[in-house]
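**Student:**
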Amino acid sequence: MGNMKVATASAQSRGKRSPGALREPRPRKREKYARMACSLCKARKVKCSGNQPCSRCEELHTECTYNEPFQGDPENFDPQPAYQDLEATVLRMNRICDQMQQSMGRFGHVHPSRSCLQRRKGNQHTPLPSKPLTLTDLRHNLNLARDAMKAKGLPSPLRSQDGPYSVAGDGLKSADTLIKLLQTARPVMELGHEKVTQVFTIFKDEVYPLYPCISLELGYKAVNAVFSLWKDGSYEVTLNVDIIDVEIMKAVVAIALLLKGDTENTLASDLESQLVWSVDSCFDQVKPQVEDIVMATLLSIYLQLKQRPVKAWRLAGVAAKLCLELGLHRELFCEDPRMLPQRMAELRRLFACVYRLDRQCSFYSGLSWTLHDRYITASALTVEPQETYISTMISLDRNLSEIWTLVNAPPSQSNNRKEQIEFLDFQLQKLVDKVPREEFKSLEPTVVPPSWLQAGLKRFYWLRVHHIQILTRVGTSGSIRDSISSPELTRTLVAAAAKSVDLHVQMVNAGEISPLVLPTAIKLLLISLSVMLFAVSHFPEDYGSLYSKHFQAAIDILSDVQSVVKDPDLNIPGTLEVLEKIAEASLISHSQCPASLFNHKENTSNMVYRGEAFSEGSLFEELPTPDSEFFSMLGGFNAAATDIPHVDNIFG
Numbered sequence: 001m002g003n004m005k006v007a008t009a010s011a012q013s014r015g016k017r018s019p020g021a022l023r024e025p026r027p028r029k030r031e032k033y034a035r036m037a038c039s040l041c042k043a044r045k046v047k048c049s050g051n052q053p054c055s056r057c058e059e060l061h062t063e064c065t066y067n068e069p070f071q072g073d074p075e076n077f078d079p080q081p082a083y084q085d086l087e088a089t090v091l092r093m094n095r096i097c098d099q100m101q102q103s104m105g106r107f108g109h110v111h112p113s114r115s116c117l118q119r120r121k122g123n124q125h126t127p128l129p130s131k132p133l134t135l136t137d138l139r140h141n142l143n144l145a146r147d148a149m150k151a152k153g154l155p156s157p158l159r160s161q162d163g164p165y166s167v168a169g170d171g172l173k174s175a176d177t178l179i180k181l182l183q184t185a186r187p188v189m190e191l192g193h194e195k196v197t198q199v200f201t202i203f204k205d206e207v208y209p210l211y212p213c214i215s216l217e218l219g220y221k222a223v224n225a226v227f228s229l230w231k232d233g234s235y236e237v238t239l240n241v242d243i244i245d246v247e248i249m250k251a252v253v254a255i256a257l258l259l260k261g262d263t264e265n266t267l268a269s270d271l272e273s274q275l276v277w278s279v280d281s282c283f284d285q286v287k288p289q290v291e292d293i294v295m296a297t298l299l300s301i302y303l304q305l306k307q308r309p310v311k312a313w314r315l316a317g318v319a320a321k322l323c324l325e326l327g328l329h330r331e332l333f334c335e336d337p338r339m340l341p342q343r344m345a346e347l348r349r350l351f352a353c354v355y356r357l358d359r360q361c362s363f364y365s366g367l368s369w370t371l372h373d374r375y376i377t378a379s380a381l382t383v384e385p386q387e388t389y390i391s392t393m394i395s396l397d398r399n400l401s402e403i404w405t406l407v408n409a410p411p412s413q414s415n416n417r418k419e420q421i422e423f424l425d426f427q428l429q430k431l432v433d434k435v436p437r438e439e440f441k442s443l444e445p446t447v448v449p450p451s452w453l454q455a456g457l458k459r460f461y462w463l464r465v466h467h468i469q470i471l472t473r474v475g476t477s478g479s480i481r482d483s484i485s486s487p488e489l490t491r492t493l494v495a496a497a498a499k500s501v502d503l504h505v506q507m508v509n510a511g512e513i514s515p516l517v518l519p520t521a522i523k524l525l526l527i528s529l530s531v532m533l534f535a536v537s538h539f540p541e542d543y544g545s546l547y548s549k550h551f552q553a554a555i556d557i558l559s560d561v562q563s564v565v566k567d568p569d570l571n572i573p574g575t576l577e578v579l580e581k582i583a584e585a586s587l588i589s590h591s592q593c594p595a596s597l598f599n600h601k602e603n604t605s606n607m608v609y610r611g612e613a614f615s616e617g618s619l620f621e622e623l624p625t626p627d628s629e630f631f632s633m634l635g636g637f638n639a640a641a642t643d644i645p646h647v648d649n650i651f652g
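Taking full-length UniProt numbering, I'd label the letters of the sequence shown as residues 1 to 652.
Right, here's the structure in full:
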């Protein structure tokens, strides 16, 4: 009976609540007060269940005494800094990030707003972006009307000013700013200050001479500022670094790690997933900033190292469009009196780097470039000293662009093409005469490229010169098919291609080749190889035995590099397979291939195909004319293409 009464009473009590209320969870109990206040922050109310410090101590970065037994008079308590070494610092950072992950539920996918990527304090040394006035701009007409009214003594309206160039204000609390910085910098912090400094030095010596897209001084300061977040107990240190600085640092570290061959680190393997910055967030803003150009440029370099040329071309185009929007292509941009000379030099180098990447990615992928010379002021591309590598490459890019346009112009637009190409060839020779025979000059006294890199860059420069000379020979005759009708022109064309192969052999024998230039160098080798094969297939008795060794050397290099250059567009294994079929058709004997291409750091292994050297003698005498399959694998010669965005990429 007693049990029945209890059950009945329970049923009656449940009946007082509605069915909907029964399904709702009961509200949580209010947070309880501690029996004793924390001796440091004087807080008695806690948000945790005793497993974590109180929230106020967490913000102050101090030892919390709430969860510890009472130890005498609080006034005699002497707090010590929480974590003294880097290992403890990383552990503490991981704990904070894990707490944020639990609270958000989507760590790694929920990114801060775009406003956090803009500097909290506007850069006073960078001019504000503005549109130039053109003859078709209505403001041009209004200015003319205003000047006429002023000349007649009539009152004229005030000049309209562009809207204020807003930057993100420091509206965040210091604690929120610190947490966001730590969350963003976690992949870098886990590497440690010493290693990050080492890889940044690698970037300075091995990447900056080719692509001077960052400020080295600000870069080292940003590295030190990020790792000093844990050494300074106050929040004033957060004023020295912004999230965009951390983003640039992660991109620099990822590029340097790839150069070292460290592909296990998450920054090197998948940088984009570790970034807050993105193209979409950049385009969503009313006004971009210079740091957006830096990020797009660094990502393009990173994607080149990942051998994703089309995506690298896209990011180079993004950087180029941002340069056009900010006006870096105009001379007036760098003539602003508020700009410091050092800042002016850095922006000129940045624009030169974007121009170089835009053309390089375009030549390599066979897609159109974004920055056209007719819109660019010549002084905007002036980089001092002019004997540097990037300044020399820009001169070659501009020369190649004009030749490329002439060679690929339709017949209806090819008037005086021969004279124009001869003039460009004359300009190229003048450029070659100006280039110093010794090493390229350094952009900064602190930048000391390794000797192997200096020698490799000079050989790569000569490779590009011979490539342009091949293109001018083709353009002079109209197309490569037309060059066959001229024995003298054919002889000159094949000689230039053979010289290019000799330069490749010298580069290989010298040692290591920078991964930043290796894919382009291999593509230039394929171009030279295709030129020789095309000529030899028509005149085997004239060129067969003469260029047998060059053909053999090219096969050796390709067979050795196929495990390193894995660009599917080049299709090196497929090219070697076709070449092997051609060799088998003529019953040529083989021998073992020479040493590996890379001998500076490590040797390549697990080769897919080891090319075998051909015997000397009549190498091409009995070779059949290669069919269209072979030339399609090499990219094809189509010097009569009618549209620049769709030209074949054989001229890399």
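A virtual CB, placed ideally from N, CA and C, is assigned to each residue, including glycine. All values derive from a computational prediction rather than experimental measurement.
Look at the alpha carbon of I522 and the alpha carbon of L558, and state the distance between them as a whole number of angstroms.
**Tutor:** Here residue 522 refers to the residue found at position 522 of the sequence shown. Here residue 558 refers to the residue found at position 558 of the sequence shown. Cα to Cα, the separation comes out at about 8 angstroms.
**Student:** Are P212 and L533 touching if we call contact CB-CB under 8 angstroms?
**Tutor:** Numbered from 1 along the sequence shown, position 212 holds the residue referred to as residue 212. Numbered from 1 along the sequence shown, position 533 holds the residue referred to as residue 533. Against a cut-off of 8 angstroms, the Cβ pair of L533 and P212 comes out as no contact.
**Student:** For K441, which three-state DSSP category applies?
**Tutor:** Working through the sequence shown from its first residue, we reach residue 441 at position 441. Reduced to three states, the DSSP call for K441 is strand.
**Student:** What three-state label does DSSP hand T388 in the structure shown?
**Tutor:** By one-based count along the sequence shown, residue 388 stands at place 388. If DSSP states are grouped into helix, strand and coil, T388 belongs with the strands.
**Student:** Spatial neighbours of E291 within its chain, please: C-beta separation below 6 angstroms, excluding the five flanking residues on both sides.
**Tutor:** Here the question's residue 291 lines up with position 291 in the sequence shown. Shown here for E291: same chain residues with a beta carbon closer than 6 angstroms to its own, the five before and five after excluded, namely I244 in chain order.
**Student:** Alpha carbon to alpha carbon, what distance is there between V447 and Y208?
**Tutor:** Counted from its first residue, the sequence shown places residue 208 at position 208. Counted from its first residue, the sequence shown places residue 447 at position 447. So the alpha carbons of these two residues sit roughly 8 angstroms apart.
**Student:** Run through DSSP, which three-state label would E512 get?
**Tutor:** Taking the first residue of the sequence shown as position 1, residue 512 is located at position 512. Looking at E512 - three-state DSSP - the assignment turns out to be coil, as it is neither helix nor strand.
**Student:** Where does E384 land, buried or exposed, given buried means 16+ other C-beta within 10 angstroms?
**Tutor:** Here residue 384 refers to the residue found at position 384 when the sequence shown is read from its first residue. Exposed, because fewer than 16 other Cβ atoms sit within 10 Å of the Cβ of E384.
**Student:** For the region 455–475 against the region 484–500, do three or more pairs of beta-carbon atoms, one drawn from each stretch, fall closer than 8 angstroms, so that the two count as touching?
**Tutor:** yes
**Student:** State the DSSP-derived secondary structure class of Q552, mapped to helix, strand or coil.
**Tutor:** Against the sequence shown, residue 552 aligns to sequence position 552. In the structure shown, Q552 sits in a helix (DSSP, three-state: H, G or I).
**Student:** Could you pull the start and end residues of the alpha helix (DSSP H) that K458 belongs to?
**Tutor:** Walking along the sequence shown from the start, residue 458 turns up at place 458. Residues S451 to S477.
**Student:** Measuring alpha carbon to alpha carbon, tell me which residue in I527, S269 and T297 is nearest Y364.
**Tutor:** Sequence index remark: in the sequence shown, residue 364 carries index 364 (1-based). The option with the nearest alpha carbon to Y364 is I527.
**Student:** Between P288, Q342 and T382, which has its C-alpha nearest E331's C-alpha?
**Tutor:** On the sequence shown, position 331 is the one that residue 331 refers to. Among P288, Q342 and T382, the Cα nearest to that of E331 belongs to T382.
**Student:** Is it a yes or a no for the region 270–284 touching the region 295–311, going by three-plus beta-carbon pairs under 8 angstroms?
**Tutor:** The region 270–284 is in contact with the region 295–311.
**Student:** Measuring CB to CB, does E512 end up less than 8 angstroms from W452?
**Tutor:** Within the sequence shown, residue 512 is the residue found at index 512, counting from 1. Within the sequence shown, residue 452 is the residue found at index 452, counting from 1. A contact, by the Cβ cut-off of 8 angstroms.
**Student:** Apart from the five residues just before and just after G317, which ones in its own chain have a Cβ nearer than 6 angstroms to its Cβ?
**Tutor:** Within the sequence shown, numbered from 1, the residue matching residue 317 stands at position 317. T370, listed in sequence order.
**Student:** Tell me where the alpha helix (DSSP H) around S530 begins and ends.
**Tutor:** Mapped onto the sequence shown, residue 530 falls at position 530. Start and end: L518 to H538.
**Student:** Are the Cβ atoms of L305 and L258 separated by less than 8 angstroms?
**Tutor:** Here residue 305 refers to the residue found at position 305 of the sequence shown. Here residue 258 refers to the residue found at position 258 of the sequence shown. Yes, these two residues count as a Cβ contact at 8 angstroms.
**Student:** With respect to the alpha helix (DSSP H) encompassing K430, which residues constitute its N-terminal and C-terminal limits?
**Tutor:** Along the sequence shown, read from residue 1 onward, the residue named residue 430 stands at position 430. Start and end: R417 to K434.
**Student:** DSSP state of L332, grouped into three classes?
**Tutor:** Here residue 332 refers to the residue found at position 332 when the sequence shown is read from its first residue. DSSP places L332 in helix when its eight states are reduced to three.
**Student:** Would you mind stating whether E402 and L424 have Cβ atoms separated by less than 8 angstroms?
**Tutor:** The residue you call residue 402 lines up with position 402 of the sequence shown. The residue you call residue 424 lines up with position 424 of the sequence shown. Yes.
**Student:** When burial is assigned at 16 or more other CB atoms within 10 Å of the CB, is S589 buried or exposed?
**Tutor:** Here residue 589 is taken as the residue at index 589 of the sequence shown, counted from 1. Low confidence applies here, because S589 scores a pLDDT of 35, under 50, leaving its location unreliable and the question unanswered by this model.
**Student:** With Y302 as the anchor, note down where its alpha helix (DSSP H) starts and where it stops.
**Tutor:** The residue you call residue 302 lines up with position 302 of the sequence shown. Its alpha helix (DSSP H) spans residues V290 to L305.
**Student:** Apart from the five residues just before and just after F333, which ones in its own chain have a Cβ nearer than 8 angstroms to its Cβ?
**Tutor:** Within the sequence shown, the letter at position 333 stands for residue 333. Cβ within range, chain order: P127, L326, G327, L347 and A380.
**Student:** Leaving aside the five residues before and after I255 along the sequence, list all residues of the same chain whose C-beta is less than 7 angstroms from its C-beta, in chain order.
**Tutor:** The residue given as residue 255 occupies position 255 in the sequence shown. The answer, listed in chain order, is F203, V207, L298, I301, Y302 and L305.
**Student:** In whole angstroms, what separates the C-alpha of A222 from that of M189?
**Tutor:** Working through the sequence shown from its first residue, we reach residue 222 at position 222. Working through the sequence shown from its first residue, we reach residue 189 at position 189. One C-alpha to the other measures close to 12 angstroms.
**Student:** Would you identify the three-state DSSP class for C213, choosing helix, strand or coil?
**Tutor:** What you label residue 213 is simply residue 213 of the sequence shown in a count that begins at 1. Here C213 sits in coil by DSSP.
**Student:** DSSP on E190, reduced to helix/strand/coil?
**Tutor:** The residue given as residue 190 occupies position 190 in the sequence shown. Coil, per DSSP.
**Student:** For residue 693, count neighbouring Cβ atoms within 10 angstroms of its own Cβ and tell me buried if that reaches 16, exposed if not.
**Tutor:** Beyond the ends of the chain as shown, which are 1 and 652, falls residue 693; an answer cannot be given.
**Student:** Have a look at Y543 and P487 and give me their C-alpha separation to the nearest angstrom.
**Tutor:** Within the sequence shown, the letter at position 543 stands for residue 543. Within the sequence shown, the letter at position 487 stands for residue 487. About 11 angstroms.
**Student:** Mark K180 as exposed unless 16 or more other C-beta atoms lie within 10 angstroms of its C-beta, in which case mark it buried.
**Tutor:** Walking along the sequence shown from the start, residue 180 turns up at place 180. By the neighbour-count definition (other C-beta atoms within 10 Å, threshold 16), K180 is a buried residue.
**Student:** For T266 and Q307, what's the separation of their Cα atoms in angstroms?
**Tutor:** Taking the first residue of the sequence shown as 1, we reach residue 266 at position 266. Taking the first residue of the sequence shown as 1, we reach residue 307 at position 307. For T266 and Q307, the distance between alpha carbons rounds to 17 angstroms.
**Student:** What span of residues does the alpha helix (DSSP H) with T266 cover, start to end?
**Tutor:** As a working note, residue 266 is residue 266 in the sequence shown. T266 to S269 is the extent of the alpha helix (DSSP H) around T266.
**Student:** Which stretch, first to last residue, makes up the alpha helix (DSSP H) that contains A320?
**Tutor:** Mapped onto the sequence shown, residue 320 falls at position 320. Note, A320: alpha helix (DSSP H), P309 to L326.
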